[in-house]
Amino acid sequence: MGEEKEVILLFEYKRYNYQVIATNIEDMISEKVWRFYNGRANVENLIKEGIIGYGLDVTSSHCWGANTAHFFLVMLAYNLMKVKKMAKWVRQRFLFIAGRLVKRSRGWILRLSTDYPWQWEYWEAENRLKMLKFCT
Numbered sequence: 000m001g002e003e004k005e006v007i008l009l010f011e012y013k014r015y016n017y018q019v020i021a022t023n024i025e026d027m028i029s030e031k032v033w034r035f036y037n038g039r040a041n042v043e044n045l046i047k048e049g050i051i052g053y054g055l056d057v058t059s060s061h062c063w064g065a066n067t068a069h070f071f072l073v074m075l076a077y078n079l080m081k082v083k084k085m086a087k088w089v090r091q092r093f094l095f096i097a098g099r100l101v102k103r104s105r106g107w108i109l110r111l112s113t114d115y116p117w118q119w120e121y122w123e124a125e126n127r128l129k130m131l132k133f134c135t
């Protein structure tokens, strides 16, 4: 592992956070420039979280179909992270689920454990995924 870097603070006020934004935008007031750039600096943290938490830096297969499925999962993971749902939260609610996959006349269904505390969130996410139009 790498060496820990010392963080040097310009100010040590506990109630405030400071940012420096360098831009060539001249025709916008300061607050609008800040709103435009605010949150973009967090992209590196999202990428790091995606690599560590989801293995997004790995191509899963030499098969086009498997890589396509992996790509859609990567997009889902990124969008979940973008709404501040980190890897542990996603794994706990959507990936490591106690349930049983059952074959019915219309296809496979997932029967969740009655003790699963996030059933409503799971079904809501599944219904939103069903509404997406995937090209095949």
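Read in numbering that gives the first Met the number 0, the sequence shown has 45 at position 46, and its numbers run on one by one without any break. For each residue, glycine too, the CB sits at the ideal point set by N, CA and C. Because the structure is a prediction, the values reported are computed rather than measured.
| Query | Result |
| --- | --- |
| Span of the alpha helix (DSSP H) around W107 | Careful: W107 lies outside any alpha helix (DSSP H), inside the beta strand (DSSP E) at 106-111. |
| Nearest neighbour of A76, chosen from L111, L45, R127 [CA to CA] | L45 |
| C-alpha distance - S60 paired with F35, whole-angstrom precision | 38 Å |
| W88 to R110 span [Cα, whole Å] | 21 Å |
| Contact check, G54 vs A86, beta carbons under 7 Å | no |
| Endpoints, beta strand (DSSP E) assigned at L100 | 98-103 |
| Euclidean distance between Cα positions of T67 and E48 | 21 Å |
| Boundaries of the alpha helix (DSSP H) in which W117 is found, first to last residue | Segment: none, W117 is in no alpha helix (DSSP H) and carries neither H nor E. |
| CB of W122 within 7 Å of CB of R92, strictly | no |
| Cβ-Cβ separation, S112 to A97 (assumed contact under 8 Å), whole Å | 4 Å |
| Whole-angstrom distance between L128 and M27, CA atom to CA atom | 39 Å |
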